[in-house]
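Note that the sequence shown ends on residue 237 in my numbering; no numbers are left out.
The structure appears right after this line, and notes come after that.
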Amino acid sequence: MLRPLVAATLIALGGSSAAFAAATPVTVYKTATCGCCGEWVKHMRDAGFAVKTIDLEYPQLEAKRRQLGVPDAHASCHTATVGGYLVEGHVPAASVRKLLAEKPAIVGLSVPGMEANSPGMGEHKPGTLRVYRIERGQTQPKTYALE
91 MLRPLVAATL
101 IALGGSSAAF
111 AAATPVTVYK
121 TATCGCCGEW
131 VKHMRDAGFA
141 VKTIDLEYPQ
151 LEAKRRQLGV
161 PDAHASCHTA
171 TVGGYLVEGH
181 VPAASVRKLL
191 AEKPAIVGLS
201 VPGMEANSPG
211 MGEHKPGTLR
221 VYRIERGQTQ
231 PKTYALE
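Shown next, in the form of structure tokens:
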């Protein structure tokens, strides 16, 4: 029942999800020693994104976060940029695709900390992972999606 709807959505977006995702490169800033960051990169590549990684020492990663405007409340172990947006932490590829398709007037998305059931952190339990919006001047996190 959902397959025709998904297929129609992908056609409307210009083809397969892999083709859609590959159209926009992802740059990931991380430390060389973070294994879960590597797993998230694999998740994004498996979803069809063209991912470039830049390994930084932790102090430089923190400086990069500040430069990009990641609020401390949203911080995680890696920071990515995609299509003019920030993606902080283990945000699922589906949420990134949704972000790129909808183009909301926000800074980006985050999964703060290191959620155990997020991509790259272990088995995912659908409907349990809260993805947050990053907005300028934000005082309270707002949910973007429940993945």
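Note that beta-carbon positions come from the ideal geometry of N, C-alpha and C, so glycine has one too.
Which of the three DSSP states is assigned to residue i in this structure?
| i | result |
| --- | --- |
| residue 170 | strand |
| residue 199 | strand |
| residue 181 | coil |
| residue 235 | strand |
| residue 220 | strand |
| residue 193 | coil |
| residue 146 | coil |
| residue 215 | coil |
| residue 160 | coil |
Alpha carbon to alpha carbon, how far is residue i from residue j?
| i | j | result |
| --- | --- | --- |
| residue 185 | residue 235 | 7 Å |
| residue 216 | residue 198 | 21 Å |
| residue 208 | residue 128 | 13 Å |
| residue 194 | residue 173 | 12 Å |
| residue 190 | residue 230 | 23 Å |
| residue 168 | residue 121 | 8 Å |
| residue 159 | residue 125 | 24 Å |
| residue 225 | residue 196 | 5 Å |
| residue 177 | residue 149 | 19 Å |
| residue 204 | residue 210 | 9 Å |
| residue 237 | residue 221 | 7 Å |
Is the separation between the beta-carbon of residue i and that of residue j shorter than 7 Å?
| i | j | result |
| --- | --- | --- |
| residue 134 | residue 206 | no |
| residue 115 | residue 140 | yes |
| residue 131 | residue 143 | yes |
| residue 118 | residue 170 | yes |
Our contact map puts residue i next to residue j with C-beta atoms below 8 Å; I'd like the distance itself, whole angstroms only.
| i | j | result |
| --- | --- | --- |
| residue 201 | residue 227 | That pair is no contact at about 21 Å. |
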